[in-house]
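Structure record follows, encoded as structure tokens.
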Amino acid sequence: MSTLKIQVGSEDHVQGNAKAACTLVEYGDYQCSNCGEAHPLVKEIQAQFGKQLRFVFRNFPLTKIHAEAQAAAEVAEFAGSLGKFWEMHNLLLENQKNLGQELYATLAGTLQLSADDLQSALANKTFADRVRADFTGGVRSGVNGTPTFFINGLRYDNPMDYASMVQAIEKALAA
Amino acid sequence: MSEPLSPGTQAPDFSLRVTPDQKLSLSDLRGRPVILAFYPADWSPVCGDQMALYNEILPEFQKHNAELLGISVDGVWCHTAFAKDRNLHFPLLADFEPKGAVAKSYGAYFEAAGITERALFVIDKDGIIRWSYISPISVNPGADGILEALEALEK
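Protein chains in written order, with my numbering: chain A, -1 to 173; chain B, 45 to 199.
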């Protein structure tokens, strides 16, 4: 059974109640269509569990099959460094078919971030190490594709549908 | 599920096609660790399937000087097309004729379906199996076990 080796910490992007009894960690790739499909699913699950659940997103860009995955992850981290990670996270997933420089500049504008600063962060690979650290931590934890979810530290290997995931989270809450 | 050859066992040698006109033998790689990754089939319909994942993780394996070999019963032309499509940077071996013979010798053949199990073996530089694992056929095992086994080789 694969388990989360990197505990959730201050470096993480966390949504929801810090003291929630259940933590859902997603390793994802902004260009992965399965992650795009999982995005509304995560939102439904968050709505279902409210304060009982906190959600963490970590980067796992599959750069050999997704040409924009790395840049998109760096864009999210850039926004995160300015306190707008989740806003950018949502926008990237909602626009994943159009990932590219043009979209990144537009999204920066939407969030009132400097497109020039974003451009230089990408050019200088300012957030590349951060993204790579997420990736290697994921590998150590047995991430096996995207998205991979961990529920209270255990890799979730069952179908990625609402009913199955809700059931797994309820089980974790009851444990 | 099959029972894979266990740690401490000499890894059975084999010679399989890696391209239409080239074969690769396990014994060619003596002197460095080898990761054998048996998988059910090319072209599984998910983002980041097991081989795509290992392709991405290749630099982590290379830190241990390890050679990764993917093996399935798919033929060499199928492997060639798959590797090209997924931009894979490691060899895929065709356990094609006699079908699954190498997988059988490792206890990694799923007889009922006529495919190899999702079986992982880490073989040391002297050709001894040091770690083996069979994952449920529908579950991509990831790479955490492989990396732990490679680290243990260095201890």
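C-beta: ideal position from N, C-alpha, C; glycine also.
- The beta carbons of residue 166 of chain B and residue 79 of chain B sit closer together than 7 Å.
- Judged by DSSP in its simplified three-state form, residue 81 of chain B adopts strand.
- When Cβ-Cβ separations below 7 Å define contact, residue 123 of chain A makes no contact with chain B.
- In this model, residue 124 of chain B and residue 112 of chain A are separated by some 45 Å (Cα to Cα).
- Within the segment 132 to 157 of chain B, the complete beta strand (DSSP E) runs of at least 3 residues fall at 136 to 138.
- Between residue 194 of chain B and residue 105 of chain B, the alpha-carbon positions lie close to 8 Å from each other.
- For residue 69 of chain B, the enclosing beta strand (DSSP E) covers residues 66 to 69.
- The criterion of a C-beta distance shorter than 7 Å is not satisfied by residue 116 of chain B and residue 56 of chain B.
- In summary, the residues of the segment 49 to 75 of chain A whose CB is separated from some CB of chain B by less than 7 Å are 60, 61, 62, 63, in the order they occur in the chain.
- The straight-line gap separating the alpha-carbon atoms of residue 63 of chain B and residue 190 of chain B is approximately 25 Å.
- Residue 165 of chain B sits in a strand when the DSSP states are folded into three classes.
- Counting the other CB atoms within 10 Å of its CB gives residue 158 of chain B a total below 16, which places it among the exposed residues.
- By the beta-carbon neighbour count (other beta carbons within 10 angstroms, threshold 16), residue 167 of chain A is buried.
- Of the other Cβ atoms in all chains shown, 16 or more fall within 10 Å of the Cβ of residue 57 of chain A; this residue is therefore buried.
- With a threshold of 7 Å between beta carbons, residue 166 of chain B makes no contact with chain A.
- Boundaries of the alpha helix (DSSP H) harbouring residue 122 of chain B: 120 to 130, taken from the DSSP string.
- Per the C-alpha coordinates, the member of B:110, B:60, B:133 positioned closest to residue 146 of chain B is B:60.
- For residue 159 of chain B, the beta-bridge partners assigned by DSSP are B:154.
- Within the segment 12 to 31 of chain A, 27, 30, 31 place their CB atoms closer than 8 Å to a CB of chain B, listed in sequence order.
- By the neighbour-count definition (other C-beta atoms within 10 Å, threshold 16), residue 82 of chain A is a buried residue.
- Per the coordinates, the alpha-carbon of residue 108 of chain B lies some 15 Å from the alpha-carbon of residue 99 of chain B.
- Residue 98 of chain B: not part of any beta strand (DSSP E); member of the alpha helix (DSSP H) spanning 94 to 106, first to last residue.
- Interface residue (Cβ-Cβ distance to chain B less than 7 Å): residue 156 of chain A is not classified as such.
- Within chain A, the C-beta atoms nearer than 8 Å to that of residue 191 of chain B come from 137, 138, in chain order.
- Here residue 172 of chain B is exposed, its C-beta having fewer than 16 other C-beta atoms within 10 Å.
- Contact between the segment 91 to 101 of chain A and the segment 66 to 81 of chain B is absent: fewer than 3 CB-CB pairs across the two stretches fall below 8 Å.
- For chain A, the residues of the segment 109 to 133 of chain B that bring a beta carbon within less than 7 Å of one of its beta carbons are 130, 131, in chain order.
- With a beta-carbon spacing of about 7 Å, residue 33 of chain A and residue 91 of chain A fall inside the 8 Å limit used to define contacts.
- The shortest CA-to-CA distance from residue 116 of chain A to any of A:149, A:152, A:77 is the one to A:77.
- As a beta-bridge residue in DSSP terms, residue 177 of chain B pairs with B:164.
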